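For the record, in the sequence shown the residue sitting at position 237 is 237 according to full-length UniProt numbering, with numbers rising by one throughout.
Every residue, glycine too, gets a C-beta built ideally from N, C-alpha and C.
In this text the structure is predicted, and so the values were computed from the model without any measurement.
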Amino acid sequence: MKKVLVANMTSQKAVDYLESKGYQVIKNDQASDDDFLEHADVDGILIMMHPFGESLMSKMPNLKVVARHGVGYDNVDLDAASAHDIVVTNTPGANATAVAETAMMHMLMAGRMFYQRRQAITDNANKRYLAAHHGQELTGKTVGLIGYGHIGQEINRMLTGFNVKVLAYARHQHEVTNGHMATLDEIYEQADFVVTALPATPETKHMINASVFRKMKKSAVLVNIGRGALVDEEALVEALTNEEIAGAGVDVVEKEPITAENPLLHLPNAFVTPHVAMISKEAMDNVALKAAEDIVRVLEGERAVFQVN
Ligand SMILES: O=CC(=O)O
1 MKKVLVANMT
11 SQKAVDYLES
21 KGYQVIKNDQ
31 ASDDDFLEHA
41 DVDGILIMMH
51 PFGESLMSKM
61 PNLKVVARHG
71 VGYDNVDLDA
81 ASAHDIVVTN
91 TPGANATAVA
101 ETAMMHMLMA
111 GRMFYQRRQA
121 ITDNANKRYL
131 AAHHGQELTG
141 KTVGLIGYGH
151 IGQEINRMLT
161 GFNVKVLAYA
171 RHQHEVTNGH
181 MATLDEIYEQ
191 ADFVVTALPA
201 TPETKHMINA
211 SVFRKMKKSA
221 VLVNIGRGAL
231 VDEEALVEAL
241 TNEEIAGAGV
251 DVVEKEPITA
261 ENPLLHLPNA
271 FVTPHVAMIS
281 KEAMDNVALK
291 AAEDIVRVLE
301 GERAVFQVN
């Protein structure tokens, strides 16, 4: 019987599907390197954000497929995977609604500093700052979407009722119902809300940096629901502290899991969530099932079709 390790928190749907197909499932909610190696004989593995590279792959002789539970696969070493003939899959689109809802929430929360206003009831913090800063509405504004895949397009769809103008940046041309495609500089210079929804790659690392903050409007709000690596966090903290931009909403930071020391948590104009954009019952079910289906397809021989690019 083939074995699949379902690592980290996921939906039971993955386990049920794999078992219904006759696989032995080992479930491990706290996957660490040691936990992986305890089950080094597995044929497939379903992982979330745990770094997975050569040191693990080389010790798992039967491993044929690593299914990334989500979209970004920056935690998986693709070169090592191809050297070991391991297929890597991801689940584009399966969590787009949850992540787009999170982006909408961040625009509204960071735009109006709702979190800090709630906190001020009980801890008295930031009262002077909040009295002097009223925040801004999303309605009628220009929104820059950097990344226009499943998630960017879903954000655009959700924005329809807000009567915004959308400027979208992507590698490929798209029809943008609420606006049009634009260059990065057009977005930096014109957008009131800049949303980053790109993967972490060598090309996107720190693409949002001090020189970008200088190009952005002083009233702009940055929302990052892609990866922490997209934003130079030190420069972001500086830009927020000096009010070079008005605010930020981030679900992802450079060093995760985020800890209480992260300076973004202590600024009155930043709103932070701990990389939870895709955590909803619906998204977890969709993603888990899609990842489990990919594992089965690969283990049954349909490899090339599912490889991430
Ligand atoms: O972070 C979430 C994902 O990569 O889907």
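Residue(s) in a DSSP beta bridge with residue i
| i | result |
| --- | --- |
| Lys165 | Thr142 |
| Ala200 | Paired residues: none, contrary to the question. |
| Met181 | Ala168 |
| Gln24 | Lys3 |
| Val66 | Ile45, Val88 |
| Asn224 | Thr196, Val250 |
| Leu213 | The sequence shown places Phe at residue 213, not Leu. None; Phe213 has no bridge partner. |
| Val15 | DSSP lists no partner for Val15. |
Closest residue to residue i among the options (Cα-Cα distance)
| i | options | result |
| --- | --- | --- |
| Ala229 | Ser219, Ala246, Glu203, Asn126 | Glu203 |
| Met284 | Tyr23, Asn8, Lys3 | Asn8 |
| Arg68 | His84, Ala14, Gln24 | Ala14 |
| Ala170 | Ile187, Leu236, Gly161 | Ile187 |
| Ala83 | Glu54, His174, Ala98 | Glu54 |
| Glu256 | Phe271, Ile245, Ala246, Val276 | Val276 |
| Arg117 | Ala292, Glu238, Phe271 | Phe271 |
| Ile279 | Asn126, Val237, Ile225 | Ile225 |
| Phe162 | Lys127, His172, Lys141, Val237 | Lys141 |
| His39 | His50, Lys59, Val253, Thr139 | Lys59 |
| Asn269 | His172, His206, Thr10, Glu243 | Glu243 |
| Ala239 | Thr259, Leu267, Val252 | Leu267 |
Contact set for residue i: own chain, Cβ-Cβ below 8 angstroms, skip 5 residues either direction
| i | result |
| --- | --- |
| Val223 | Ala103, His106, Met107, Ala110, Phe193, Val194, Val195, Thr196, Ala248, Gly249, Val250 |
| Asp92 | In the sequence as displayed, the identity of residue 92 is Pro instead of Asp. For Pro92, where only same-chain residues beyond five positions count, the Cβ hits under 8 angstroms are Val71, Gly149, His150. |
| Leu56 | Asp33, Phe36, Leu37 |
| Gln24 | Met1, Lys2, Lys3, Val4 |
| Glu282 | Thr97, Ala98 |
| Ile47 | Ala7, Asn8, Ala31, Val66, Ala67, Arg68, His69, Asn75, Val76 |
Contacts around residue i, its chain only, beta-carbon distance under 6 angstroms, and the 5 residues preceding and following it disregarded
| i | result |
| --- | --- |
| Gly135 | Gly111, Arg112, Met113 |
| Ala168 | Leu145, Tyr148, Val176, Met181 |
| Ala94 | Asn286, Val287, Lys290 |
Nearest-angstrom beta carbon gap, residue j and residue i [assumed within contact, 8 angstroms]
| i | j | result |
| --- | --- | --- |
| Val42 | Leu5 | 5 angstroms |
| Asn209 | Asp232 | 4 angstroms |
| Arg227 | Pro199 | 6 angstroms |
| Ala235 | Phe213 | 6 angstroms |
| Ile295 | Gly22 | Not quite, the Cβ-Cβ distance comes to about 12 angstroms (not below 8 angstroms), so this is no contact. |
Buried or exposed by the 16-neighbour rule on C-beta atoms within 10 Å, applied to residue i
| i | result |
| --- | --- |
| Pro61 | exposed |
| Ser20 | exposed |
| Asn309 | Because Asn309 carries a pLDDT of 46, less than 50, the predicted location of this residue cannot be relied on, and no value is offered for it. |
| Leu37 | exposed |
| Asp123 | exposed |
| Lys64 | buried |
| Ile245 | buried |
| Asp29 | exposed |
Neighbourhood of residue i by C-beta distance below 7 angstroms, restricted to the same chain and skipping five residues each side
| i | result |
| --- | --- |
| Ala100 | Ile151, Glu154, Ile155, Met158 |
| Val88 | Val66, Arg68, Tyr73, Val76, Leu78, Ala81, Gln307, Val308 |
| Asn178 | Asn156, Leu159, Thr160, Val164, Lys165, Val166 |
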